[in-house]
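A.B. asks: Please find one structure pasted underneath; my questions will follow.
Numbering (the UniProt record's numbering), first residue to last: 1 to 76.
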């Protein structure tokens with residue numbers, strides 16, 4: 001019985017840790033309000049893929065990555 005409880009706690013902890021690490025991936029894409037025009041990537045929840053967008057350089061949120069690889073590593 002203790003082994004089953006231990007396995008459950010390990011799995012629950014791994015799930016909660018993963019959800020915490022990926023909470024930024026659930027944020028909507030925001031381009032920001034400045035005019036810098038920097039190519040960036042965000043995780044699109046509707047398609048479960050990383051998409052490119054033009055970031056303005058300020059504002060926005062944390063669902064913004066410098067490379068597609070960084071987006072994939074964090075969210076996929």
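Just so you know, even glycine gets a beta-carbon here, dropped at the ideal spot from N, CA and C.
Out of curiosity, what's the CA-to-CA distance linking residue 55 and residue 23?
C.D. replies: Going by the C-alpha atoms only, they are around 20 angstroms apart.
A.B. asks: According to DSSP, which residues form a beta bridge with residue 34?
C.D. replies: DSSP output for residue 34 lists no bridge partner at all.
A.B. asks: Under a three-way DSSP split, which group does residue 50 fall into?
C.D. replies: Residue 50: strand per DSSP, three-state reduction.
A.B. asks: Within 10 angstroms of the Cβ of residue 35, are there 16 or more other Cβ atoms? Answer buried if so, exposed if not.
C.D. replies: Flag for residue 35 reads exposed.
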